[in-house]
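Numbering (the working numbering), first residue to last: 29 to 360.
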Ligand SMILES: [Zn+2]
C-alpha cells in the first residue's frame, strides 16, 4: 500500500475494508511490521531532520520549552461511549484536548456530547466526512464533499480538520473553511500515505496562485498514534511515547498526539485484543507532569493554530517547507 503504486492499492484496500473484521485487519497490517521497522529504523520514531526550527522561529508563548497538544479521533459508536471517560482523565491531569467527530459515518452527530465537551473547555473538530477512505477519490467529488464538511464546521463552531486514515491532498484542503489541518505527521511509515512532513513545528500552507482563501496552518502529529503503538505494534509500555516526547522537548517542538477513545480499555478487564489498558495513558500523563513540570504549553489545537497565525501572518510567511519532501525508500 506504499511506494509508487500506493494510490491504486490503497483504493482497492478501502473498497474491501468494510468487509474485513477489525481483528483480521490488524493481523493483516502486522505482517508488514518487521519490514517497515527495519527499513525506517533511522527515521522512526525519531527523524532527526525534523527538529530544524522554521525561519524566524520565536519560541512558544509564556517562554515555554515545548508545546503539547492532545487530539482524539472518534472512530465508532464504541469510541463515542468512552469520550467522557477520556476527557475526565485529562481533566484530572489538568490537560485539555480536541475531539474530532465523523459527521456522516458510523454514528449520529453527537450534539449533546459536543456541547458537554465545549462546556468543559475541550475543542470539537471534524474528522473526515464518511471515513470510508474515499474522501480524495477525485477532485470533483472532494469539492462536493467539502461543501458538506464546511456546513458541519460551521454548525459545530469547528476550525480544525483531520482526514480518515491520514489520507491527504493538502492543495485541495483550501476548499475547507479551516484554521488548521492535522492529517500529516513528522514521521509515520505505518500509514497508507507514508510520506512525512519531516517537521515537529507547525507550518503555513499557502493557497495556490489565484485561490482567494487565506491558507491554513498544518499541525503534524509527532508522537505515534496510540493505535500504532499499542494495537499494531503491541507495545506493553508507553516507553516510545516518553522517548519521543523527551526528544521533542529537548528541541523545543510541538508534541502532538492522536489518541482514539475507541481503543482504550477503561474497564480494567484487559480481555479485548482491540483495546489497550487506560493505565498506559495514565502512566504517560503522569510522566509528562512529573518529568516536564512547568515547561510545556498545553493549548487546544485551535488555540495553537490561532497563535501561530498571529506570529507568522501569511503575508510575511515565506516558509516553503513542503509536507511531502523526499523521504528514505518506502516499502516496495
Ligand atoms: Zn479515523
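From the three backbone atoms N, C-alpha and C, an ideal C-beta is built for every residue, glycine too.
Residue burial classification, residue i (beta-carbon count within 10 angstroms, cutoff 16)
i, result
"residue 351", "For residue 351, the predicted model reports a pLDDT of 43, less than 50, meaning its position is unreliable and no value from the coordinates is stated."
"residue 239", "exposed"
"residue 336", "buried"
"residue 251", "buried"
"residue 36", "exposed"
"residue 217", "buried"
"residue 262", "exposed"
"residue 136", "exposed"
"residue 221", "buried"
"residue 73", "buried"
"residue 105", "exposed"
"residue 312", "buried"
"residue 276", "buried"
"residue 89", "exposed"
"residue 308", "buried"
"residue 266", "buried"
"residue 59", "exposed"
"residue 118", "buried"
"residue 99", "buried"
"residue 227", "buried"
"residue 322", "exposed"
"residue 401", "Beyond the ends of the chain as shown, which are 29 and 360, falls residue 401; an answer cannot be given."
Heavy atom of ligand 1 within 7 Å of residue i beta-carbon
i, result
"residue 103", "yes"
"residue 100", "no"
"residue 155", "yes"
"residue 159", "yes"
"residue 107", "no"
"residue 192", "yes"
For residue i, the three-state DSSP class (helix, strand or coil)
i, result
"residue 196", "coil"
"residue 182", "helix"
"residue 191", "coil"
"residue 213", "strand"
"residue 159", "coil"
"residue 304", "strand"
"residue 129", "strand"
"residue 342", "helix"
"residue 324", "strand"
"residue 208", "strand"
"residue 122", "coil"
"residue 165", "coil"
"residue 314", "helix"
"residue 347", "Low local confidence applies: a pLDDT of 46 at residue 347 is under 50, so the model's placement there is unreliable, with the coordinate-based value given in what follows. It is coil, neither helix nor strand."
Within-8 Å CB hit, residue i to chain D
i, result
"residue 245", "Included in the structure is just one protein chain, with no chain D present."
Enclosing alpha helix (DSSP H) for residue i [first to last residue]
i, result
"residue 146", "139-147"
Distance cut-off 7 Å: residue i Cβ against heavy atoms of ligand 3
i, result
"residue 321", "With respect to small molecules bound, the structure shown includes ligand 1 and not ligand 3."
What ranges does the alpha helix (DSSP H) occupy inside the segment 33-110, keeping only unbroken runs of at least 4 residues that lie completely in it? 34-44, 50-59, 61-67, 105-109
Minimum length 3: unbroken beta strand (DSSP E) runs contained in the segment 231-294: Complete beta strand (DSSP E) runs here, min 3: 231-233, 244-246, 282-286.
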